[in-house]
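Asks: In this text, residue positions in the sequence shown follow the working numbering: the first is 3, and each later residue adds one. Don't be surprised by glycine CBs; every beta carbon is placed ideally from N, CA and C.
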Amino acid sequence: MKIRIAIITALETHKVRHPVLRKGRPLASCAMDGDNKKSTVHWGAYLEHTLVGVVSLFSTPEHLDTQPNCKQIRGMAVLKNYRNKGIGKALILCLENHAQKTTTAYLWMNARKRSIAFYEDLGYCKKGSFFEIEPIGTHGYLYKFLN
Ligand SMILES: CC(C)(COP(=O)(O)OP(=O)(O)OC[C@H]1O[C@@H](n2cnc3c(N)ncnc32)[C@H](O)[C@@H]1OP(=O)(O)O)[C@@H](O)C(=O)NCCC(=O)NCCS
Numbered sequence: 003m004k005i006r007i008a009i010i011t012a013l014e015t016h017k018v019r020h021p022v023l024r025k026g027r028p029l030a031s032c033a034m035d036g037d038n039k040k041s042t043v044h045w046g047a048y049l050e051h052t053l054v055g056v057v058s059l060f061s062t063p064e065h066l067d068t069q070p071n072c073k074q075i076r077g078m079a080v081l082k083n084y085r086n087k088g089i090g091k092a093l094i095l096c097l098e099n100h101a102q103k104t105t106t107a108y109l110w111m112n113a114r115k116r117s118i119a120f121y122e123d124l125g126y127c128k129k130g131s132f133f134e135i136e137p138i139g140t141h142g143y144l145y146k147f148l149n
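(1) With 16 as the cutoff for other CB atoms within 10 Å, does Arg27 come out buried or exposed?
(2) Measuring from the CB of Gly55, is there a heavy atom of ligand 1 at a distance below 7 Å?
(3) Count the C-beta pairs between the region 40 to 55 and the region 110 to 119 that are closer than 8 Å, then say yes if the count reaches three, no if not.
(4) Does the contact criterion of 3 or more C-beta pairs under 8 Å hold for the region 101 to 115 versus the region 127 to 144?
(5) In chain order, what residues of the same chain lie with their CB nearer than 7 Å to the CB of Lys17, ignoring the 5 residues before and after it?
(6) Could you spell out the range, first to last residue, of the alpha helix (DSSP H) harbouring Asn99?
(7) Using DSSP with H/G/I as helix, E/B as strand and the rest coil, what is Ile138?
(8) Residue range of the beta strand (DSSP E) that Ala113 falls in?
(9) Can you give me the Cβ contacts of Thr42 inside the same chain, cut-off strictly under 8 Å, excluding the 5 residues immediately before and after it?
(10) If you run the structure through DSSP and keep just helix, strand and coil, what is Thr15?
(11) By DSSP, does His20 sit in helix, in strand, or in coil?
(12) Using only the alpha-carbon positions, how far apart do Gly46 and Leu144 sit?
Here is the structure:
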């Protein structure tokens, strides 16, 4: 099935963030600081007319290095029944394409431990030790320099 990726609003991301990233928690917990800033971009992946995956790019200064022109990836999620179909990869490639066009040189994120191999396949590198983000769980810091 053909994946269509479009820019969506912060509120629309909640349809996927909630069941995947904030399961069992209030809908309001889906909101992230800076979601509605002008510099923040949200993408949604559609199969037919169903929103099945989301990812967001924030212009948050990263906290381990002092990298110029850096942006933070957050809220990456694909609905359970739609995983391993290339949707997550398509979202990240779309985000990276946008980042390159807007002269972003460095992408970073705090990634859930279980998803790190997914990002490593896409060229992201882990730095530092694992750490806990309560109540979500163990995370690692990942980064990628863009050409
Ligand atoms: C991580 C996640 C976004 C991946 O999305 P997806 O649509 O299933 O990923 P894709 O189908 O695009 O996978 C691309 C490649 O990564 C691999 N992959 C996917 N998830 C993986 C994982 N958790 N660990 C290792 N490899 C993974 C796929 O097998 C595929 O490999 P291939 O190109 O050799 O076939 C999805 O599993 C998810 O939403 N997980 C729960 C929420 C989460 O952890 N989000 C990340 C927060 S930091």
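Replies: According to the structure data:
(1) What you label residue 27 is simply residue 25 of the sequence shown in a count that begins at 1. Answer is exposed; the Cβ neighbour count stays below 16.
(2) Along the sequence shown, read from residue 1 onward, the residue named residue 55 stands at position 53. Gly55: yes, Cβ under 7 Å from ligand 1.
(3) no
(4) yes
(5) Within the sequence shown, numbered from 1, the residue matching residue 17 stands at position 15. So the list reads Leu53, once near-sequence residues are dropped.
(6) Walking along the sequence shown from the start, residue 99 turns up at place 97. From DSSP, the alpha helix (DSSP H) with Asn99 extends over 89 to 103.
(7) The residue labelled residue 138 in the question sits at position 136 within the sequence shown. Ile138: coil per DSSP, three-state reduction.
(8) The residue labelled residue 113 in the question sits at position 111 within the sequence shown. Here the beta strand (DSSP E) through Ala113 covers 108 to 114.
(9) One-based indexing of the sequence shown puts residue 42 at position 40. Excluding residues within five positions, the ones whose Cβ falls inside 8 Å are Ala12, Gly36, Ser58, Leu59, Phe60, Ser61.
(10) As a first step, residue 15 is located in the sequence shown; it is residue number 13 there, counting from the start. Thr15: helix per DSSP, three-state reduction.
(11) As a working note, residue 20 is residue 18 in the sequence shown. Reduced to three states, the DSSP call for His20 is helix.
(12) Position 44 of the sequence shown, counted from the start, is the residue given in the question as residue 46. Position 142 of the sequence shown, counted from the start, is the residue given in the question as residue 144. Between Gly46 and Leu144, the C-alpha separation is close to 22 Å.
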